[in-house]
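Visitor:
2 protein chains.
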Amino acid sequence: MITIALPKGALLKDTIELFSNLGLDFSAFLDKSNRQLQISDPTNTARALLVRAQDVPVYVEYGQAQLGVVGYDVLREKKPDVANLVDLKFGYCRLSVAVPKSSPYKRSVELPPHGRVASKFVNCAKDHFDSIDLPVEIVPLSGSVELGPITGMSEAIVDLVSTGKTLKENGLIETDILYESSARLIAHPLSYRLNRDNINELVAKLKSINY
Amino acid sequence: MITIALPKGALLKDTIELFSNLGLDFSAFLDKSNRQLQISDPTNTARALLVRAQDVPVYVEYGQAQLGVVGYDVLREKKPDVANLVDLKFGYCRLSVAVPKSSPYKRSVELPPHGRVASKFVNCAKDHFDSIDLPVEIVPLSGSVELGPITGMSEAIVDLVSTGKTLKENGLIETDILYESSARLIAHPLSYRLNRDNINELVAKLKSINY
Chain A
1 MITIALPKGA LLKDTIELFS NLGLDFSAFL DKSNRQLQIS DPTNTARALL VRAQDVPVYV
61 EYGQAQLGVV GYDVLREKKP DVANLVDLKF GYCRLSVAVP KSSPYKRSVE LPPHGRVASK
121 FVNCAKDHFD SIDLPVEIVP LSGSVELGPI TGMSEAIVDL VSTGKTLKEN GLIETDILYE
181 SSARLIAHPL SYRLNRDNIN ELVAKLKSIN Y
Chain B
1 MITIALPKGA LLKDTIELFS NLGLDFSAFL DKSNRQLQIS DPTNTARALL VRAQDVPVYV
61 EYGQAQLGVV GYDVLREKKP DVANLVDLKF GYCRLSVAVP KSSPYKRSVE LPPHGRVASK
121 FVNCAKDHFD SIDLPVEIVP LSGSVELGPI TGMSEAIVDL VSTGKTLKEN GLIETDILYE
181 SSARLIAHPL SYRLNRDNIN ELVAKLKSIN Y
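Protein chains in written order, with full-length UniProt numbering: chain A, 1 to 211; chain B, 1 to 211.
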């Protein structure tokens with residue numbers, strides 16, 4: 001039986017809807033009282049694992065799941081060894097640099113050398129500042145990155161922006177967009193190549209829905 | 001004004017009670033409708049930041065907060081450059097190795113060489129297996145670590161255990177305790193040494209409450 005890793009959080013609802021179009025019903029995961037992390041669809045065609053978004057590529061990389069759904073941002077940050085097969089065209093957001101509205105710096109190239117940038121995306125942030133040849137210190141935070149500039153710990157942040165509401169509420173403005181992100185279908189490379197459990201058919205169906 | 005970094009989550013309630021014993025009221029953070037991440041106590045004596053537990057040492061290390069409260073487990077895992085001043089004697093838990101009940105391995109030394117161990121505490125897990133000279137592959141997960149053995153991805157896990165309920169619900173048993181953890185008062189080393197904002201007095205009061 002094919003196993004699919006589904007991401008908890010913002011992408012879950014659209015992901016479950018996507019698979020319901022293929023006749024795979026994992027809606028039990030949307031029930032707030034659900035405590036199970038592993039279910040089969042009622043037709044016993046596929047199994048789903050409910051894991052944190054950033055753990056989806058881990059389960060796929062180790063072959064515990066043949067397919068997974070995860071944001072492009074996670075793939076860019078973690079660079080897992082998985083096949084990025086289909087842009088699922090939901091979960092749109094962007095990874096951006098932002099500074100306080102009152103900041104004298106209007107673009108990331110203007111930031112002072114050896115300044116500080118707070119981010120959950122330490123690798124993506126480092127790649128960006130390396131690409132513009134600006135040495136900065138990345139302060140690794142795991143949440144509420146907007147507190148970095150508010151407390152004076154950092155000049156800027158690198159964070160995901162979807163509506164821009166959080167930035168606005170915290171007096172921050174975007175200066176640069178590093179990349180756009182959306183949900184992606186990923187696969188265990190070997191399972192995909194060997195067409196284990198006929199996953200190619202499932203992937204083809206998902207592609208046809210999305211194009 | 002002194003700034004104190006408080007951890008979101010399991011330790012928050014006890015932490016706020018602790019500071020209320022010193023006349024510092026940060027109970028606004030317990031209000032579910034609160035969206036602020038930074039407040040002053042009503043007497044304007046101290047400021048508090050509400051951050052993720054693992055970010056507490058970051059704010060203290062960078063001097064954005066002079067004091068912080070965090071679990072010993074975070075200090076062991078991240079090894080931040082902060083002073084570990086007082087055992088606050090709440091938030092007790094332990095970092096343990098656990099295996100499925102049906103596992104043939106009853107202690108971590110019996111695990112097969114080059115087996116897999118899933119954990120959020122990759123450094124602590126590595127330190128443990130290094131100390132018993134057993135080469136294992138640590139699979140880094142960010143949540144629901146118990147899924148590692150359930151899906152067959154790993155032979156064992158290294159995770160925090162408090163009541164043991166999660167292990168039991170997932171058919172896992174503890175084999176080794178790596179260390180016991182509890183909440184700690186940490187300080188920015190330089191602020192503490194220079195007694196900035198008279199923090200030594202506050203630390204002495206917290207110690208007197210706890211001994």
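Ideal Cβ placement from N, Cα and C applies to all residues, glycine included. Note that the coordinates shown come from a computational prediction; the quantities given were computed from them, not determined experimentally.
Quick one: which chain B residues come within Cβ less than 7 Å of M1 (chain A)?
Guide: Under the 7 Å cutoff, chain B gives no residues; its nearest Cβ is about 13 Å from M1 (chain A).
Visitor: Does any C-beta atom of chain B lie closer than 8 Å to the C-beta of V58 (chain A)?
Guide: yes
Visitor: Opposite Y105 (chain B) in the DSSP bridges: which residues?
Guide: Note: Y105 (chain B) sits in no beta bridge, so no partner.
Visitor: Give the residues of chain A in contact with D55 (chain B), contact being defined as C-beta atoms less than 7 Å apart.
Guide: L141, S142 and G143
Visitor: Here's the rule: buried if 16 or more other CB atoms are within 10 angstroms of the residue's CB, otherwise exposed. What is T15 (chain B)?
Guide: buried
Visitor: Name the one or two DSSP bridge partners that E180 (chain A) has.
Guide: A:R94
Visitor: Whole angstroms is fine: what's the gap from L194 (chain B)'s alpha carbon to M153 (chain B)'s?
Guide: 50 Å
Visitor: List, in order along the chain, the chain B residues whose C-beta lies closer than 7 Å to that of I150 (chain A)?
Guide: Q38
Visitor: Confirm, please, whether the CB-CB distance from V70 (chain A) to V86 (chain A) is below 8 Å.
Guide: no
Visitor: As a quick exercise: from B:I132, B:A125, B:K205 and B:T166, pick the residue whose alpha carbon is nearest that of L78 (chain B).
Guide: According to the sequence as given, residue 78 (chain B) is Lys; it is not Leu. Distance check between K78 (chain B) and each of B:I132, B:A125, B:K205 and B:T166 places B:A125 closest, using alpha-carbon atoms only.
Visitor: Given this structure, state the Cα-to-Cα distance separating Y179 (chain A) from V203 (chain B), to the nearest angstrom.
Guide: Here the C-alpha atom of Y179 (chain A) lies approximately 46 Å from the C-alpha atom of V203 (chain B).
Visitor: Please go through the same chain and pick out, in chain order, the residues whose beta-carbon is closer than 7 Å to the beta-carbon of F26 (chain A), but skip the five residues on each side of it.
Guide: Same-chain partners within the cutoff: L6, I16, F19, I39, D41 and A48.
Visitor: So what does DSSP say about A10 (chain A), is it helix, strand or coil?
Guide: coil
Visitor: Taking Q64 (chain B) as the query, report the chain A residues whose CB atoms sit under 9 Å from its CB, ordered along the chain.
Guide: The contacting residues are L147, G148, T151, G152 and M153.
Visitor: Apart from the five residues on each side of it in sequence, which residues of its chain come closer than 8 Å, Cβ to Cβ, to residue 222 (chain B)?
Guide: Look at the range of chain B in this structure, 1 to 211, and you will see that residue 222 (chain B) is not part of it.
Visitor: Please identify the residue among A:L50, A:N44, A:T45 and A:G23 whose C-alpha is closest to the C-alpha of D31 (chain A).
Guide: In this structure, A:L50 is the residue among A:L50, A:N44, A:T45 and A:G23 with its C-alpha nearest to the C-alpha of D31 (chain A).
Visitor: Counting beta carbon pairs with one atom in the segment 132-139 of chain A and one in the segment 61-69 of chain A, are three or more of them shorter than 8 Å?
Guide: no
Visitor: Closest to R116 (chain B) by CA distance: which of A:G148, A:R107, A:K106 and A:V58 is it?
Guide: A:V58
Visitor: Could you check whether the Cβ of V122 (chain B) sits closer than 8 Å to any Cβ belonging to chain A?
Guide: No, its Cβ sits nowhere closer than 8 Å to a Cβ of chain A.
Visitor: Thinking V145 (chain B) and D159 (chain B) are a contact (beta carbons under 8 Å), I'd like their distance in whole angstroms, please.
Guide: 5 Å
Visitor: To the nearest angstrom, how far is the alpha carbon of L172 (chain A) from that of F90 (chain B)?
Guide: 37 Å
Visitor: Output the distance between the C-alpha atoms of A156 (chain B) and S142 (chain B), rounded to the nearest integer angstrom.
Guide: 16 Å
Visitor: With distances taken from CA atoms, which of A:A10, A:L75 and A:N200 is nearest N123 (chain A)?
Guide: Nearest of A:A10, A:L75 and A:N200 to N123 (chain A), Cα basis: A:L75.
Visitor: Cα-Cα, which of A:S108, A:S181, A:I209 and A:A187 is closest to R94 (chain A)?
Guide: Ranking the options by Cα distance to R94 (chain A), first place goes to A:S181.
Visitor: Please say whether R184 (chain A) and Y92 (chain A) have beta carbons closer to each other than 8 Å?
Guide: no
Visitor: Does any CB atom of chain A fall closer than 8 Å to the CB of V51 (chain B)?
Guide: yes
Visitor: Identify whether D133 (chain B) lies in helix, strand or coil by the three-state DSSP scheme.
Guide: DSSP places D133 (chain B) in coil when its eight states are reduced to three.
Visitor: Helix or strand or just coil, what does DSSP make of D55 (chain B)?
Guide: helix
Visitor: Am I right that P189 (chain B) and A83 (chain B) are in contact with their C-beta atoms under 8 Å? What's the rounded C-beta distance?
Guide: Contact between P189 (chain B) and A83 (chain B) holds: their C-beta atoms lie close to 5 Å from each other, under 8 Å.
Visitor: Report the rounded CA-to-CA distance for N170 (chain A) versus H128 (chain A), giving the unit in angstroms.
Guide: 23 Å
Visitor: If you reduce the DSSP assignment to three classes, tell me which class E61 (chain A) lands in.
Guide: helix
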